[in-house]
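**Q** To convert, take the position in the sequence shown, counting from 1, and add 39; that gives our numbering.
Here a beta-carbon is modelled for each residue, glycine too, at the ideal position from N, C-alpha and C.
Sharing a structure here in structure tokens format.
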Amino acid sequence: MYTVTIDGRQVSVPPGTTILSAAERVGITIPTLCFWPGKPPQSSCFVCVVKVTAPGSSRFLPACAAPVADGMIIESETAEVHHLRRRALELLLGHHRGDCLAPCQLACPVHLDVPIMLQQIRQGDFHGALVTIKQEMAFAGLLGRLCNRPCEKACRRSQFDQGVSICTLKRLMVDWELLQQASFLPPVAPATGKTVLIVGAGITGLSAAWYLRQKGHHVIVRESDSLPAARFRKTLLEQTSPPSTEIDPQTILRVLDHEVATILQLGVAIELSRAVSPQEPLPSLLREVDAVLLACGGEARELASAWNLELGRDGVAVDRQTFQTRHPQVFAAGTAIRGKTSLVRKVADGKEVAQAIDGFLVGNRPEKPALPWSVRSGRWQEEELRLLAAQTAFVEAASLPDPLRNPQIDLSSLLEQAVQQAERCFRCNCRAASSCKLRQLAAQYGADPNRYSSLRPPFSLIDRQSDVIYEPGKCIACGRCVQAAEEVPGILGISFVGRGFDVRIGTPFDRSFAEALGAAADACIAACPTGALYRREVSSSPCSDLAEIRKSCSMGGT
Ligand code: SF4
Ligand code: SF4
Ligand code: SF4
Ligand code: FES
């Protein structure tokens, strides 16, 4: 037996054992990417690097392949080793072409999962699209009409011809809900026993209520006016006088009332015509509730002064990442901290402050809402865009009328048009975003995806008209798909082609991946640690019969 020390822990293992296996025996997990347990190591990624000090020398070795030697001292969890792992990941990402999250989702201040919503619409799953929208976005119907549309400005398709009508399609899903006189209510987590008082029933306050309630907190919204979103209503009526053809205030107010009613149906308590007075001492309020959110615009200044909170240039001073004031139980968001701001920013503030308050209530630490880690491939060349466009059905951009303003419109045919418009999406998000091991490790080690971005190859895609697609730009040449294919007898199989950083996976005789992999296709896709190998999206089968759609809804339409 050989005895080695890994991060200070001693273990005795038989000769021939790899460092990775020895580490596992003492409960130390060394990250791996190209290595597939039970298969011969490929040693191509170097993510499993460790520092090995043997008598007289010290080296960096891949733990998945290097065998132990007696007396080795091995370091895995040191800053030096982490730095090398980060660099190994950055080198892989330098040769990467793709985006984990689509530009539209990253640009949306609420980070709505636009590609999933569009996929659900393409597949005629309007209820699914509604669930995606409403779980993530309060006031989606209002935003569908009044948002300044940063997602559409960032849409990759807009670099090619016209961007996808993301906002309109989202709006249509909420209109569909409203016209059925239904309200989708997302699930509410079990009661936490915590209470949040929200001062102000404006857009930010009610948005925060929507998200906090979903987390299982008891939420009370207190509003000095006799109507929720009173300031919004007043501004809307002022701005649409004289009437504009673009915005119909009556339709907007109808949508607003529907969305406020849905928030209240979720179990949010609202107390109208009940101001929180600056004379009310903060300690006595905090005897009744666990956290207070100031979402009452300019009125928040007065409360903040009375409660000895700090004031900034635009309102109440907060930590801009956690929305926490200098009193740990008091938070502020929306126009209470920013002065004037856009509608979508108000909703996003509601979502982010709810996340921060939830973190504070359950973990005693306000959670800093952070954007998930993503490779961003930036601007694409015309050739690359053409390749993407060739993958999507040819549909011209068309504007969809508002069914609430035009009740004579046939909703079924409008939904069919929505399916076609959703087909225009380039599907820029990565199919493996939630399972990609490269992405998980890159986020874990804080890898900078752009450190070596000058090495990035142009986008390419190999499908040869089949339903198994290979994107070389996302391939890390780990060979796991080759190993998976080797296990299935009677198929053509795949192998490495090219040299150095250009090494990729190829099929014999220019056959498609579907033909070459045959019965092994799904196993190879599952073996791939990135999003390089995947199946084409199932083509849409729009269901235009509203009664049928409603009958088949599996989630909580009421
Ligand atoms: S393969 Fe992984 S890292 Fe690359 S774009 Fe997809 S999810 Fe992101
Ligand atoms: S083409 Fe689709 S996935 Fe890409 S940015 Fe536009 S809406 Fe998003
Ligand atoms: S396609 Fe094959 S070689 Fe490329 S990353 Fe996926 S499993 Fe590895
Ligand atoms: S070199 Fe060890 S996991 Fe890739």
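I want to know whether the segment 465-483 touches the segment 562-581 - three or more CB-CB distances under 8 Å.
**A** Contact holds: three or more Cβ-Cβ distances are below 8 Å.
**Q** Name the DSSP beta bridge partners of Tyr573, please?
**A** As a position in the sequence shown, residue 573 is number 534, starting the count at 1. Answer is Ile508, bridged to Tyr573.
**Q** I'd like to check one pair, Leu305 with Gly244: are the Cβ atoms closer than 9 Å?
**A** Position 205 of the sequence shown, counted from the first residue, corresponds to residue 244. Position 266 of the sequence shown, counted from the first residue, corresponds to residue 305. With contacts defined as CB atoms closer than 9 Å, Gly244 and Leu305 fail to qualify as a contacting pair.
**Q** If we call anything under 9 Å between Cβ atoms a contact, is Ala240 one with Ile309?
**A** Counting from 1 along the sequence shown, the entry for residue 240 is found at position 201. Counting from 1 along the sequence shown, the entry for residue 309 is found at position 270. Yes, they are a contact pair.
**Q** In whole angstroms, what is the alpha-carbon distance linking Thr56 and Val170?
**A** Start at 1 with the first residue of the sequence shown, and residue 56 comes out as number 17. Start at 1 with the first residue of the sequence shown, and residue 170 comes out as number 131. The straight-line gap from Cα to Cα measures roughly 50 Å.
**Q** Hey, how far is the Cα of Phe199 from the Cα of Gln144?
**A** Along the sequence shown, one-based indexing puts residue 199 at 160. Along the sequence shown, one-based indexing puts residue 144 at 105. Distance between the alpha carbons of Phe199 and Gln144: 18 Å.
**Q** Mind checking which residues open and close the beta strand (DSSP E) that includes Tyr41?
**A** The residue you call residue 41 lines up with position 2 of the sequence shown. It spans 41-45 - the beta strand (DSSP E) in which Tyr41 sits, taken as one unbroken run.
**Q** Taking 8 Å as the threshold, find out whether the segment 430-440 comes into contact with the segment 395-404 through three or more Cβ pairs.
**A** no
**Q** How about Cys84 and Leu72: are their beta carbons less than 9 Å apart?
**A** Along the sequence shown, read from residue 1 onward, the residue named residue 84 stands at position 45. Along the sequence shown, read from residue 1 onward, the residue named residue 72 stands at position 33. Yes.
**Q** Could you pull out every unbroken beta strand (DSSP E) segment of at least 3 residues lying fully inside the segment 433-521, listed in chain order?
**A** 507-509
**Q** Could you pull out every unbroken alpha helix (DSSP H) segment of at least 4 residues lying fully inside the segment 108-193, listed in chain order?
**A** 118-133, 142-146, 153-161, 165-175, 179-185, 189-193
**Q** Across the segment 317-334 and the segment 363-372, are there enough close Cβ pairs to call them in contact, namely three or more that are closer than 8 Å?
**A** yes
**Q** Confirm, please, whether the CB-CB distance from Leu400 to Ala231 is below 9 Å.
**A** The residue given as residue 231 occupies position 192 in the sequence shown. The residue given as residue 400 occupies position 361 in the sequence shown. The sequence given here places Thr at residue 231; Ala does not occur at that position. Going by C-beta atoms, Thr231 is nearer than 9 Å to Leu400.
**Q** Below 8 Å on the Cβ atoms is my contact criterion, and I expect Leu182 with Val386 to pass it. Report the Cβ-Cβ distance as a whole number of Å.
**A** The sequence position of residue 182 within the sequence shown is 143, counting from 1. The sequence position of residue 386 within the sequence shown is 347, counting from 1. About 7 Å separates the two Cβ atoms, so the contact holds.
**Q** Does the beta-carbon of Pro53 have 16 or more other beta-carbons within 10 angstroms, so that it is buried, or is it exposed?
**A** Position 14 of the sequence shown, counting from 1, holds the residue named residue 53. Under this definition Pro53 is an exposed residue.
**Q** Quick one: Cα of Gly417 to Cα of Ser97, how far?
**A** By one-based count along the sequence shown, residue 417 stands at place 378. By one-based count along the sequence shown, residue 97 stands at place 58. Computed Cα separation, rounded: 41 Å.
**Q** How big is the Cα-Cα spacing for Val120 and Lys90?
**A** The residue given as residue 120 occupies position 81 in the sequence shown. The residue given as residue 90 occupies position 51 in the sequence shown. Whole-angstrom Cα-Cα distance: 7 Å.
**Q** Should Asp30 be counted as a contact of ligand 1 given a C-beta to heavy atom distance under 8 Å?
**A** Outside the displayed span of the chain (40 to 597) sits residue 30, for which this structure offers no information.
**Q** Hey, would you say the C-beta of Leu321 is under 8 Å away from at least one heavy atom of ligand 1?
**A** By 1-based counting over the sequence shown, the position of residue 321 is 282. False, no ligand heavy atom lies under 8 Å from that Cβ.
**Q** On the three-state DSSP scale, how would you describe His297?
**A** Sequence index remark: in the sequence shown, residue 297 carries index 258 (1-based). Correct three-state label for His297: helix.
**Q** Pick out every residue whose C-beta is nearer than 6 Å to a heavy atom of ligand 1: which are they, in chain order?
**A** His135, Gly137, Asp138, Cys139, Val414, Cys469, Ala471, Ala472, Cys475, Leu477, Arg478, Lys513, Thr569, Gly570
**Q** Using the three-state DSSP reduction, which class does Gln220 fall into: helix, strand or coil?
**A** In the sequence shown, residue 220 corresponds to position 181, counting from 1. It is coil, neither helix nor strand.
**Q** In chain order, which continuous runs of the alpha helix (DSSP H) of length 4 or greater are located wholly inside the segment 207-294?
**A** 242-253, 269-278
**Q** Would you check if the distance between the CB atom of Glu576 and the CB atom of Arg466 is smaller than 9 Å?
**A** Here residue 576 is taken as the residue at index 537 of the sequence shown, counted from 1. Here residue 466 is taken as the residue at index 427 of the sequence shown, counted from 1. Yes.
**Q** Measuring straight from C-alpha to C-alpha, what distance separates Lys173 and His257?
**A** Residue mapping note: residue 173 aligns to position 134 of the sequence shown, counting from 1. Residue mapping note: residue 257 aligns to position 218 of the sequence shown, counting from 1. So the alpha carbons of these two residues sit roughly 20 Å apart.
**Q** Give the single residue among Phe498, Gly545, Arg478 whose Cα lies nearest to the Cα of Ala127.
**A** In the sequence shown, counting from the first residue as 1, residue 127 sits at position 88. Nearest option by C-alpha distance: Arg478.
**Q** May I ask you to check if the CB of Cys84 is nearer than 8 Å to at least one heavy atom of ligand 4?
**A** Taking the first residue of the sequence shown as 1, we reach residue 84 at position 45. Because some heavy atom of ligand 4 lies under 8 Å away, the Cβ of Cys84 counts as near it: yes.
**Q** Out of Ser204, Met111, Ala247, point me to the one whose CA is closest to Glu391's CA.
**A** Position 352 of the sequence shown, counted from the first residue, corresponds to residue 391. Nearest option by C-alpha distance: Ala247.
**Q** Measuring alpha carbon to alpha carbon, tell me which of Gln81, Trp75, Lys233, Ile69 ends up nearest Phe535.
**A** The sequence position of residue 535 within the sequence shown is 496, counting from 1. Here the closest residue by C-alpha is Gln81.
**Q** CB-CB under 7 Å to Ser580, same chain, minus the five flanking residues each way: which ones, in chain order?
**A** If you number the sequence shown from 1, residue 580 lands on position 541. Any reading at Ser580 must be qualified, since the residue scores a pLDDT of 45, below 50, and its modelled position is unreliable; the value itself is stated next. Excluding positions up to five away in sequence, the list reads Gln162, Gly163.
**Q** Residue ranges of each beta strand (DSSP E) run of no fewer than 3 residues wholly in the segment 363-426, ordered along the chain?
**A** 369-371
**Q** Among all the DSSP beta bridges, which residues are the ones paired with Pro101?
**A** Here residue 101 refers to the residue found at position 62 of the sequence shown. Beta-bridge pairing links Pro101 to Val88.
**Q** Helix, strand or coil, according to DSSP, for Leu321 in the structure here?
**A** By 1-based counting over the sequence shown, the position of residue 321 is 282. Correct three-state label for Leu321: helix.
**Q** Quick one: give me the first and last residue of the alpha helix (DSSP H) that Leu59 is part of.
**A** If you number the sequence shown from 1, residue 59 lands on position 20. First-last of the alpha helix (DSSP H) with Leu59: 58-64.
**Q** Pro322: which of Ala461, Ala269, Trp346, Ala300 sits nearest, CA to CA?
**A** Taking the sequence shown and counting its residues from 1, one reaches residue 322 at position 283. Nearest option by C-alpha distance: Trp346.
**Q** Among residues of its own chain, excluding the 5 on either side of Phe178, which ones have a beta-carbon nearer than 7 Å to its beta-carbon?
**A** For this step, residue 178 is matched to residue 139 along the sequence shown. The answer, listed in chain order, is Ile242, Ser246, Glu298, Val386.
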